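What follows is one structure encoded as structure tokens, with my remarks underneath.
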Amino acid sequence: MSEKIIEFENVTYIYETEDEEAPVAGFPALSDVNLTINKGEFVAVLGHNGSGKSTLAKLCNAILEPTKGKVTVKEIVPDTEEKADEVRRIVGMVFQNPDNQIVATIVEDDVAFGPENLGIDPSEIRRRVDDALKCVNMYEFRHREPHKLSGGQKQRVAIAGVIAMQTECIVLDEPTAMLDPKGREEVMNTVKRLNKEMGITVVTVTHFMDEAVQADRVVVMDGGRVVMQGKPKEVFSNVEKLRSYGLDVPQSTELCHVLGIKEGVLNVDECVEEIARAMGGAI
Amino acid sequence: MIRDITIGQYYPGKSVLHNLDPRIKLIATFWLIVVIFLCKSFFSLGLITLTAVAAAALSKVPPKMILKSLKPIVIILVFTAILNIFYTQGGETYFEWWKITITEKGINTAIFTMVRIVTLVVISSLLTYTTTPTMLTDALERILSPLKVFKIKVHTLAMMMTLALRFIPTLIEEIDRIMNAQKARGADLETGSIFQRTKALVPIFIPLMVSSFRRAYELAFAMTCRCYTGGEGRTRMKQMKIAARDIVAIVVCTAVTAGVIVLNIFFDAVI
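The listed protein sequences derive, respectively, from chains H and D. Residue numbering for the first sequence follows the working numbering, beginning at 162 and increasing consecutively. Residue numbering for the second sequence follows the working numbering, beginning at 7 and increasing consecutively.
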């Protein structure tokens, strides 16, 4: 197989304090998770609220430290602050709320924030910032103020901020949860392009099935455990099993499942084709 | 509409004043303000006022906007003028009635003080009209960086200022949202005595505080993720370079200062 980039080995995570995000304090948010993310992969992590998917994302770049087990990023175990910093140079992160991750009052300054922290030469930063903004199609907005942008645009600026750091892997923690359908599409298209064209490893945490379908691999979480894993087609073939984890399947998949035509249909086109075939006609 | 607010009063433009190095602009502004207070005669004051008018013309900021910045100080102007007219006595008496005496010196001082305040406001508002708040904090950080010797965390202070500026629009939106939410639940924010209205604000400020803390927490996470470890080892994308025009600005300031001092010596002092 290809090179490993992030590896979870028997990871358990328990929120100890009265952390706001902890569903129940003292209850393991993750228990005994084993997961490997390979270089260049596009992985979608699915799960309903409280399944531990956000915790998983935060463990990827050393914001949280596992209670038990270990997380390895390119052979680095982030047990000291220096090593955690090294990990953050490899794995970038985009959060759910675009408003709470934009630091500067001008778009291009915000994108420059990461590279500036890395101590990169000013002319190199300039080049990276311009490239990153072009990459997310926000170059013409570079002198604008972030609060005047739409949610999808802000989220793309946040992504550009990570691209400019030239990390090998981007972890997105529900990047589209607060966006409208149009913003969601913009962000997902950008993320897909990063993965396909630039070869950046992408881990996206989501509860939108339509987004998970676009990934190379889907990881389903429930109650802090990885319960299903595989290609979208395989995972979405198990409609009943997914339902038992409180997840829905994409509408096309569901329709074909209910009609009993074929399992694992992922998009509208495929769905139309299958129905047409079942009815004995051509499109 | 609420999204369209601009922080500060920056007037976008490409004039010489806009292009000056913000550090030089900041220093020159403080410099000229000090010089305003050095003026003793009408001629020296005239020189600095002329400088301010020339700078305003160079900035290409519409005169209307500059006049607008004078609006809030009209009351102060009137007040100081009246005080000066009545309380400064000396020279020829123009008018006398009951206990009121208006003298030459009183009138002169009143005019002098008024012109002085107006010049001061024009000069300082030119700074904010031609410099964005971000540029100002950046410049401040760089000017104050020698204070690191005294263990003052200049970078941290500048970062706090930038973040505060960044979050003003976000928090305004948030207040708007919370107010609407409370109104939807029947909160009455507009009627009643001042006491009642103040009390009605409590259910707005508590959620605001809570959400601000949550935002701060998340922002800290996001900043850590982007390898922020404080000012050390950090580079800046936008470098500030002193250009020829910045040197010209400093020369002009020096010349004006020299002129003011010379005019002070050769002409009678008003105050």
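Just so you know, even glycine gets a beta-carbon here, dropped at the ideal spot from N, CA and C. Just so we're clear, the structure is a prediction, and the values are computed from it rather than from any experiment.
- With its beta carbon less than 8 Å from one in chain D, residue 275 of chain H belongs to the interface.
- The bridge partners DSSP lists for residue 391 of chain H are H/379.
- Contact annotation for residue 109 of chain D against chain H: no contact, minimum CB-CB distance about 52 Å [criterion: below 8 Å].
- Boundaries cannot be given for residue 261 of chain H, as no alpha helix (DSSP H) includes it and DSSP labels it neither H nor E.
- DSSP lists H/365 and H/379 as the beta-bridge partner residues of residue 205 of chain H.
- Contacts with chain D at 8 Å (Cβ-Cβ) do not include residue 198 of chain H.
- Out of D/180, D/236, D/149 and D/109, the CA that lies nearest to the CA of residue 210 of chain D is found in D/180.
- Within its own chain, the residues whose Cβ lies closer than 7 Å to the Cβ of residue 192 of chain H, once the five positions on either side in sequence are excluded, are 173, 385 and 386, listed in chain order.
- A direct Cα-to-Cα measurement between residue 229 of chain H and residue 171 of chain H gives close to 7 Å.
- DSSP places residue 91 of chain D inside the alpha helix (DSSP H), whose first and last residues are 80-93.
- Put simply, the backbone Cα of residue 128 of chain D is about 11 Å away from that of residue 60 of chain D.
- Chain-ordered, the chain H residues with CB closer than 7 Å to the CB of residue 228 of chain D read 256, 261 and 262.
- Below the 7 Å Cβ cutoff, chain D contributes 241, 242, 243 and 245 as neighbours of residue 283 of chain H, in chain order.
- Minimum Cα-Cα distance from residue 220 of chain H among the listed residues H/349, H/332, H/312 and H/411 corresponds to H/332.
- Your pair residue 222 of chain H and residue 224 of chain D does not check out as a contact, with CB atoms roughly 15 Å apart and the cut at 8 Å.
- A direct Cα-to-Cα measurement between residue 89 of chain D and residue 48 of chain D gives close to 20 Å.
- Straight through space, the alpha carbons of residue 319 of chain H and residue 364 of chain H are spaced by roughly 15 Å.
- Relative to the Cα of residue 285 of chain H, the nearest Cα in the group D/254, D/34, D/244 and D/264 belongs to D/244.
- At the C-beta level, residue 168 of chain D and residue 140 of chain D come within 8 Å of one another.
- Put simply, the backbone Cα of residue 83 of chain D is about 12 Å away from that of residue 91 of chain D.
- If you draw a straight line from the Cα of residue 77 of chain D to the Cα of residue 70 of chain D, it is about 11 Å long.
- Under the Cβ distance rule, residue 322 of chain H counts among the residues neighbouring chain D, one pair being separated by less than 8 Å.
- If you draw a straight line from the Cα of residue 173 of chain D to the Cα of residue 251 of chain D, it is about 34 Å long.
- Setting aside the 5 residues that flank it on each side, residue 280 of chain H has no residue in the same chain whose C-beta is closer than 6 Å to its C-beta.
- Counting only Cβ-Cβ distances below 9 Å, residue 177 of chain D has no contacts in chain H at all, with the closest Cβ about 10 Å away.
- Collapsing the DSSP output to three states places residue 329 of chain H in coil.
- Rounded to the nearest whole angstrom, the C-alpha separation of residue 85 of chain D and residue 24 of chain D is 34 Å.
- Under DSSP, the beta-bridge partners assigned to residue 334 of chain H are H/366.
- Under DSSP, residue 168 of chain H shares a beta bridge with H/197 and H/233.
- Sorting H/177, H/294, H/277 and H/272 by C-alpha distance to the C-alpha of residue 234 of chain D places H/277 at the top.
- Between residue 214 of chain H and residue 204 of chain H a beta carbon distance of about 11 Å is seen, past the 8 Å cut, so the two are scored as non-contacting.
- Between residue 266 of chain D and residue 44 of chain D, the C-beta spacing is below 8 Å.
- Straight-line spacing of the CA atoms in residue 375 of chain H and residue 239 of chain D works out to 40 Å.
- Under DSSP, residue 108 of chain D takes part in a beta bridge, and its partners are D/101.
- By the Cβ neighbour-count rule, residue 248 of chain H is buried, with 16 or more other Cβ atoms within 10 Å of its own.
- Annotation for residue 141 of chain D: the continuous alpha helix (DSSP H) segment containing it runs 139-150.
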